[in-house]
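Written out below as C-alpha cells is the structure these notes cover.
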Amino acid sequence: MALNFDNFMNHRRSFDYISNVVKIDLGGGYSYTSKPISPQLRKLTLSFQGFKYYFNSDGTLDYETNKNKNNIGALCQFYESVNEYQTFIYNDVQFGAMAVRFAEPIKIPSPIVRGNGAVEPFTITLQEVAQ
161 MALNFDNFMN
171 HRRSFDYISN
181 VVKIDLGGGY
191 SYTSKPISPQ
201 LRKLTLSFQG
211 FKYYFNSDGT
221 LDYETNKNKN
231 NIGALCQFYE
241 SVNEYQTFIY
251 NDVQFGAMAV
261 RFAEPIKIPS
271 PIVRGNGAVE
281 PFTITLQEVA
291 Q
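Here this note's numbering = 1-based position in the sequence shown + 160.
Here is the structure:
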C-alpha cells in the first residue's frame, strides 16, 4: 500500500503546469514548439498555517496529537520517512489521487516566541510524478 499525505490536508493548494513541450527560438521572429513529449504534470505549492509542535508530559515530541490537523512533528516525521525520492499519494480535490514526491527539502520555520509550540506559516512544494 502506498504512503499518502492524508494526515496533512489542512492547507491551501496552488499549482503550476510543468511545460512538456520543446521550444526553440529560430531567430528572425521564427520559433518552433513541439507537440507534448510527456504527460502533463503539475507542481503543487501547499501553504500551511497554524501548525505547532506538541509535547508529551516527559517533554519529548508528541507525533500523534492532532496528527490529522496541525502537528508539525508528525509532518516532519512523514518527510523523513519518504525524503525527496519516494513517491506517495496526494489526494487532490480537483485532480484526484496524484503520485507525487517532495520537490525540495521542506523548510520548517522557528517556533513563534511564546507561541505554545506554534510555527510561522510555511510552504511545501510537491512534484507530480508520471506513472
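Ideal placement from N, C-alpha and C gives every residue a C-beta, glycine not left out. Remember, it's a predicted structure, so these values are computed and weren't measured experimentally.
- Query: Within 10 angstroms of its Cβ, does Leu186 collect 16 or more other Cβ (buried), or is it exposed?
  - Reply: Numbered from 1 along the sequence shown, position 26 holds the residue referred to as residue 186. Its Cβ having fewer than 16 others within 10 Å, Leu186 is exposed.
What first and last residue would you give for the alpha helix (DSSP H) that runs through Glu323? Nothing about residue 323 can be read from this structure; the chain reaches only from 161 to 291.
Measure the C-alpha to C-alpha separation of Ala290 and Gly277 and round it to an integer number of angstroms.
-> The residue given as residue 290 occupies position 130 in the sequence shown. The residue given as residue 277 occupies position 117 in the sequence shown. If you draw a straight line from the Cα of Ala290 to the Cα of Gly277, it is about 37 angstroms long.
- Alpha-carbon to alpha-carbon, Gly189 and Asn243: Here the question's residue 243 lines up with position 83 in the sequence shown. Here the question's residue 189 lines up with position 29 in the sequence shown. Our two residues, Asn243 and Gly189, have alpha carbons roughly 44 angstroms apart in a direct line.
| request: Compute the Euclidean distance between the alpha carbons of Ile266 and Gln254, then round it to the nearest angstrom. | output: Position 106 of the sequence shown, counted from the start, is the residue given in the question as residue 266. Position 94 of the sequence shown, counted from the start, is the residue given in the question as residue 254. Whole-angstrom Cα-Cα distance: 24 angstroms.
Using the beta-carbon count (16 or more within 10 Å), is Lys212 buried or exposed? As a working note, residue 212 is residue 52 in the sequence shown. It counts as buried.
Alpha carbon of Met161 to alpha carbon of Val279, nearest angstrom:
As a first step, residue 161 must be located in the sequence shown, where it is residue number 1. As a first step, residue 279 must be located in the sequence shown, where it is residue number 119. Note that Met161 scores 47 on pLDDT, short of 50, meaning its location in the model is unreliable; the coordinates nonetheless yield the value given after this. In a straight line, the C-alpha of Met161 is about 32 angstroms away from that of Val279.
Length of the line joining the Cα atoms of Leu206 and Ile272:
Reading the sequence shown from its first residue, position 46 is the one you call residue 206. Reading the sequence shown from its first residue, position 112 is the one you call residue 272. One alpha carbon belongs to Leu206, the other to Ile272, and they sit about 20 angstroms apart.
According to DSSP, is Asp222 part of a helix, a strand, or is it coil? As a first step, residue 222 must be located in the sequence shown, where it is residue number 62. When DSSP states are grouped into helix, strand and coil, Asp222 belongs to the coil group.
Looking only at its own chain, which residues have a Cβ that is under 6 angstroms from the Cβ of Val182, when we skip the five neighbours before and after it?
-> By one-based count along the sequence shown, residue 182 stands at place 22. Taking C-beta separations shorter than 6 angstroms and ignoring five residues to either side along the sequence, the partners of Val182 in its chain run Ser194, following chain order.
Next on the checklist: On the CB-based measure, 16 or more other CB atoms within 10 Å of its CB, does Gly233 come out buried or exposed?
Outcome noted: Your numbering for residue 233 matches position 73 in the sequence shown. With 16 or more other Cβ atoms within 10 Å, it is buried.
Report task. Let me know the secondary structure DSSP gives Asn167 once reduced to three states. Result -> Stepping through the sequence shown from its first residue, residue 167 is reached at position 7. Here Asn167 sits in helix by DSSP.
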